[in-house]
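Going line by line, the protein sequences match chains A and B.
If you read the first sequence in this note's numbering, its first letter stands for residue 131, the second for the next number, and so on.
If you read the second sequence in this note's numbering, its first letter stands for residue 131, the second for the next number, and so on.
For reference, the structure discussed in these notes is given below.
There are 2 protein chains.
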Amino acid sequence: MSKLKVLIVEDEPVIAENVSLYLDNHDFEVSAIAYDSDEAFEQLKTNTPDAVILDINLESEKDGIDIAQHINQQYQLPFLFLTSYSDKNTLDRAKNVKPSGYIVKPFNERTLLASLEIAISNHATEKNHDLPKLSIEKMNRHLLSPLSDREFEIVQLVYDGMRNTQIAEKIFVTVNTVKTHLKNIYLKLDANTRLQVIQKLRELMMK
Amino acid sequence: MSKLKVLIVEDEPVIAENVSLYLDNHDFEVSAIAYDSDEAFEQLKTNTPDAVILDINLESEKDGIDIAQHINQQYQLPFLFLTSYSDKNTLDRAKNVKPSGYIVKPFNERTLLASLEIAISNHATEKNHDLPKLSIEKMNRHLLSPLSDREFEIVQLVYDGMRNTQIAEKIFVTVNTVKTHLKNIYLKLDANTRLQVIQKLRELMMK
DNA sequence: GAAATAATCACCCAACCGGGTGAACAACCA
DNA sequence: TGGTTGTTCACCCGGTTGGGTGATTATTTC
Chain A
131 MSKLKVLIVE DEPVIAENVS LYLDNHDFEV SAIAYDSDEA FEQLKTNTPD
181 AVILDINLES EKDGIDIAQH INQQYQLPFL FLTSYSDKNT LDRAKNVKPS
231 GYIVKPFNER TLLASLEIAI SNHATEKNHD LPKLSIEKMN RHLLSPLSDR
281 EFEIVQLVYD GMRNTQIAEK IFVTVNTVKT HLKNIYLKLD ANTRLQVIQK
331 LRELMMK
Chain B
131 MSKLKVLIVE DEPVIAENVS LYLDNHDFEV SAIAYDSDEA FEQLKTNTPD
181 AVILDINLES EKDGIDIAQH INQQYQLPFL FLTSYSDKNT LDRAKNVKPS
231 GYIVKPFNER TLLASLEIAI SNHATEKNHD LPKLSIEKMN RHLLSPLSDR
281 EFEIVQLVYD GMRNTQIAEK IFVTVNTVKT HLKNIYLKLD ANTRLQVIQK
331 LRELMMK
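In structure tokens form, the structure reads like this:
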């Protein structure tokens, strides 16, 4: 199973590296980072990715929306716009190129991944491709047999990105209890942090 | 200027209250919280909102997607789905009803507001309505004349929701410096927290 | 009856975050 | 020259977060 390749088009190095880092931590491969439209076109041609993350306000000859049009015409790839809270005018142009989604800056790791996966998933459905299922409900429960029911319940919420306090509220226990369950989950899954748990789950689901 | 009314359709009280709290803190008014599809239909008819936030996995007779279809047929309102990371199957159904956006659970205040505003803005553009501009670049600089250039730069980043540490990295100073600038901005804008600053900015922009 | 498992929680700690206080230095200006 | 303004920073505090240790109680299993 090979990782999905994602092209990042972003002229702000800090953000580009940030996105890259988040993707590297999971089941994505950053095929390249393009800092302007020329690089983006080049990469699309020579190293076609599976998805593209596009800064909508690119300070180059052609901006993100121009590149998006190119993608729509030449390739059928899902793409997401990196956008800011405030640029409404640009968004007016953006909706015409039918992006698969928006990632609002600033974003966190989870938001980025979720948006990307929703985008790829939707796009694939339209194209009648099939992608590895990411639904934990679909995952064979006995793959995680060492976990108790309560632990399995919590592991799903962790996988959904919930904070310990949110989980605690949801299942009506204290945060301390959630932490203890997490501790036991870590023991059973041979992990030390929630991120490692999520990674393990994805490996299992990808079979 | 009256606030935009938002209907929340969510059967999980914790989440509903959370969304409601976030909206109350800003320029939105929660017209109602509907805990099932019947309440949602009732509210749409008797107290028509300006936008709807819909839990996609509603545990009632009709789920969020059914309600979305109803909205599309009977009203022309922007709506967003509250969705979870993992339910890919539901998302397959969701895309057919053309939601104005997705809010991935868990979400933070900023993500929620940004998504909602993008949705309303896009929807309004399509309908050729006009909405108050939210672009801070467009805002008359002299409305914030007491601010120095540096402070204005920082205020924009704060408005974009960036953390102090992120701002510090971006403008190549320490977090402490950012905090001091913020302190001075608070003095000049008669605010105590970044949220109050954002609110002031919006009031100014709404003129 | 003893041992293992499950579920609950309190407490500690290190890290981080945002806001507050105080301060240094440079530039400008009256 | 002396006051104001702008930019930079260190330090403290209170709150929250995630992970670690240890403990209690009930249920199940041998």
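A virtual CB, placed ideally from N, CA and C, is assigned to each residue, including glycine.
CB contact flag (residue 234 of chain B, residue 183 of chain B, <9 Å) = Going by C-beta atoms, residue 234 of chain B is not nearer than 9 Å to residue 183 of chain B.
Would you call the stretch 279-296 of chain B and the stretch 318-329 of chain B touching, i.e. three or more CB-CB distances under 8 Å?
-> Yes: the two stretches touch, three or more of their Cβ pairs being nearer than 8 Å.
May I have the straight-line CA-CA distance separating residue 180 of chain A from residue 293 of chain B, to the nearest angstrom?
-> 31 Å
Kindly indicate if chain B contains any beta-carbon less than 9 Å away from that of residue 149 of chain A.
-> no
Consult DSSP for residue 256 of chain A and reduce its assignment to one of helix, strand or coil.
-> Any reading at residue 256 of chain A needs caution, since the residue's pLDDT is 44, under 50, leaving its predicted position unreliable; the model's value is listed next. Residue 256 of chain A: helix per DSSP, three-state reduction.
Kindly examine the ligand ATP and report whether one of its heavy atoms sits closer than 8 Å to the Cβ of residue 330 of chain B.
-> This structure lacks the ligand ATP; in fact it carries no ligand of any kind.
Cutoff 9 Å: residue 194 of chain A Cβ touching any chain B Cβ | Judged by the 9 Å Cβ criterion, residue 194 of chain A is not in contact with chain B.
Given that a residue counts as buried once 16 or more other Cβ atoms are within 10 Å of its Cβ, and exposed if not, what is residue 199 of chain B?
-> exposed
Chain A beta carbons: is any one of them nearer than 9 Å to that of residue 135 of chain B?
-> For residue 135 of chain B, the answer is no, since every Cβ of chain A falls outside 9 Å of its Cβ.
When the Cα of residue 316 of chain A is compared with those of A/328, A/138, A/186, which residue comes out closest?
-> The residue from A/328, A/138, A/186 with its alpha-carbon nearest to that of residue 316 of chain A is A/328.
Per DSSP, the bridge partner or partners of residue 211 of chain B = B/184, B/232
Where residue 305 of chain B meets chain A, residues with beta-carbon distance less than 7 Å | Close to residue 305 of chain B, with beta-carbon spacing below 7 Å, lies no residue of chain A; the smallest spacing is near 15 Å.
Looking only at DSSP bridge pairs, what is residue 163 of chain A linked to?
-> A/138
Does the beta carbon of residue 308 of chain B come closer than 9 Å to any beta carbon on chain A?
-> no
According to the neighbour-count rule (16 or more other Cβ atoms, all chains shown, within 10 Å of its Cβ), is residue 158 of chain B buried or exposed?
-> buried
Chain B beta carbons: is any one of them nearer than 9 Å to that of residue 285 of chain A?
-> no
Taking buried to mean at least 16 other C-beta atoms within 10 Å of its own C-beta, is residue 247 of chain A buried or exposed?
-> buried
Strand pairing of residue 158 of chain A, partner residues [DSSP] = Partner(s): A/134.
Just to confirm, are residue 249 of chain A and residue 210 of chain A a CB contact at a threshold of 9 Å?
-> yes
Could you tell me whether any Cβ in chain B is nearer than 9 Å to the Cβ of residue 152 of chain A?
-> no
Out of curiosity, what's the CA-to-CA distance linking residue 186 of chain A and residue 279 of chain A?
-> In this structure, the straight-line span from the alpha carbon of residue 186 of chain A to that of residue 279 of chain A is close to 44 Å.
Would you mind working out which of A/145, A/134, A/138 sits nearest residue 296 of chain B, comparing C-alpha positions?
-> A/145
Starting from residue 299 of chain A, trace the alpha helix (DSSP H) both ways and give me its first and last residue.
-> 294-301
By how many angstroms is the C-alpha of residue 243 of chain A removed from the C-alpha of residue 230 of chain A?
-> 13 Å
If you draw a straight line from the alpha carbon of residue 302 of chain A to that of residue 150 of chain B, how long is it in whole angstroms?
-> 21 Å
Report the residue from B/245, B/192, B/312 whose alpha carbon sits nearest the alpha carbon of residue 170 of chain B.
-> B/192
Apply the 10 Å Cβ neighbour rule to residue 256 of chain B and answer buried if 16 or more other Cβ atoms are within range, or exposed otherwise.
-> Any answer about residue 256 of chain B is weak, because its pLDDT of 44 lies below 50 and its placement is not dependable; what the coordinates show is given next. Residue 256 of chain B should be labelled exposed.
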